[in-house]
Amino acid sequence: MNTLRRIDLNLLVTLHALLMEKHVSRAALRLHKSQPAVSHALASLRRIFDDPLLVRRAGGLELTSRASELLPPLTEALDRLGALIEQPAFDPAAAQRVFKLAMSDYGARAILPGLAPLLRRQAPGIDLQVRQGSRASMLADVDEGDIDMAFGVFPQELPTEIRTHTLFIEHFTCVADKKTLPESGDLDKTQWLARPHVLVAMQSTENNEIEKALSRAGVSRRVALALPHWGVATQVVADTDFILTAARHSFDLFLDDPRLQFFTPPFPIDPFEFNMIWHSRRESDPGHNWLRQTIIGLLQDAGP
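Per UniProt numbering, residue 1 is the first one in the sequence shown, and the count goes up by one each step.
The structure is reproduced here in structure tokens:
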């Protein structure tokens, strides 16, 4: 009983976050507290339990034996306490908040034209900060807590703490200058391979789905123009003999361009899942839950 008088629920919650994250900064992020406050709480917990709880080994923090024993009953106790307390409702109309998202410009085309107007109508106090990065860097930023959620194509085997939701299945299409195509409006495999191609990728050597399909067919294409961004990719096709093969959503802004012809690739290219990922530490955040569900609803309503 004397020990219980020295410890309050906030310290137990902090202890649980520290034992789960094994990292003071990430525990602070999970708790919406400052790092010094969590460090001070850890010092108090070490005195109360007469144990270091977290020790540094091999460049990181690991649980002591005592901490490992504490974690299961502590998790159960906090879960039971949480069930007694109703989750506060999230009011998007009154919320004042910044969410950090990561996506490529392809993802931005798929998500932001629908999301931005909806937020202005329903949640005008919510701001978005969008950054771009490779798949690996986005995954690392989600894991470290630097961003709230990321969008893209990620490995199927993700860390257990990373949650994922498939927003849609994407397919590939080709675009070329209409004047350079036969009356049928498309090309056979030989004609397609004979033309110069545009590649959009963060790295020109990226092993993307198109190159994998060509490799399976035992052929290769000539990439005459490699670009790191989409802004001008479709426009450079007009008035040239270039072909651009890319995910369908990449062309949303150009479907009505009378100069361009869209057609199905002359060989099978595997579709891919476009996913949203986030860290499990965010799942107790009602605002984060609201934004995730809002984005899921938008993409479902928009269709493939």
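The C-beta atom is built at its ideal place from N, Cα and C for all residues, glycine as well.
Contact belief for residue i with residue j at Cβ below 8 Å, rounded distance in angstroms
i, j, result
"T145", "L29", "Note on residue identity: the sequence assigns Gly, not Thr, to residue 145. Right, their Cβ atoms sit about 4 Å apart."
"L298", "G114", "5 Å"
"I277", "R163", "7 Å"
"L42", "L18", "6 Å"
"I295", "I111", "7 Å"
Residues bridged to residue i (per DSSP)
i, result
"K178", "Its beta-bridge partners do not exist; DSSP assigns none."
"F251", "The partner list for F251 (beta bridge, DSSP) is empty, contrary to what the question assumes."
"Q261", "A176"
"F168", "F274"
"H279", "I162"
"V98", "D127"
"T245", "C174"
"H40", "Partner(s): none; H40 has no beta bridge."
"D60", "The identity of residue 60 in the sequence shown is Gly, whereas the question assumes Asp. R57, per the DSSP bridge assignment."
"V200", "L227"
Contacts around residue i, its chain only, beta-carbon distance under 8 Å, and the 5 residues preceding and following it disregarded
i, result
"P258", "K178"
"F242", "A176, D177, R195, P196, H197, V198, A224, L225, V236"
"D270", "E209, K212, A213"
Close beta carbons around residue i, own chain, < 7 Å, minus the five adjacent residues each side
i, result
"R282", "D148, H288"
"H16", "L74, T75, L78"
Unbroken beta strand (DSSP E) run spanning residue i, endpoints
i, result
"V130", "126-131"
"V223", "223-227"
"A150", "149-152"
Residue i at chain D interface by Cβ criterion, 8 Å
i, result
"V175", "Within the model displayed, chain D is absent; a lone protein chain is all it includes."
Selected residue, minimal CA-CA separation from residue i, among the options
i, options, result
"P52", "T64, G60, A41", "T64"
"R56", "A27, L74, H23, R47", "H23"
"S250", "F274, D239, L19", "F274"
"F49", "L11, H171, A246, L112", "L11"
"R216", "P268, Q122, L181, L227", "P268"
"R222", "G231, T190, W230", "T190"
"R135", "Q156, P286, C174", "Q156"
"P266", "L255, F254, D256, T245", "T245"
"L260", "D285, V200, L181", "L181"
"A247", "T234, R97, F172", "F172"
Endpoints, alpha helix (DSSP H) assigned at residue i
i, result
"L19", "9-21"
"V219", "Run containing V219: none; DSSP gives neither H nor E here."
"V142", "135-144"
"R120", "105-122"
"L187", "Element bounds for L187: n/a, residue is neither H nor E."
"R195", "Run containing R195: none; DSSP gives neither H nor E here."
"residue 377", "The structure shown does not extend to residue 377, since the chain is modelled only from 1 to 304, so the question has no answer here."
Same chain, Cβ closer than 6 Å to residue i, neighbours up to 5 away in sequence not counted
i, result
"L54", "L61"
"A150", "A102, M138, V142, I277"
"P304", "Note that P304 has pLDDT 46, beneath the 50 cutoff, so the model's placement of it is unreliable and no number is given."
"G133", "A102"
"D186", "F263"
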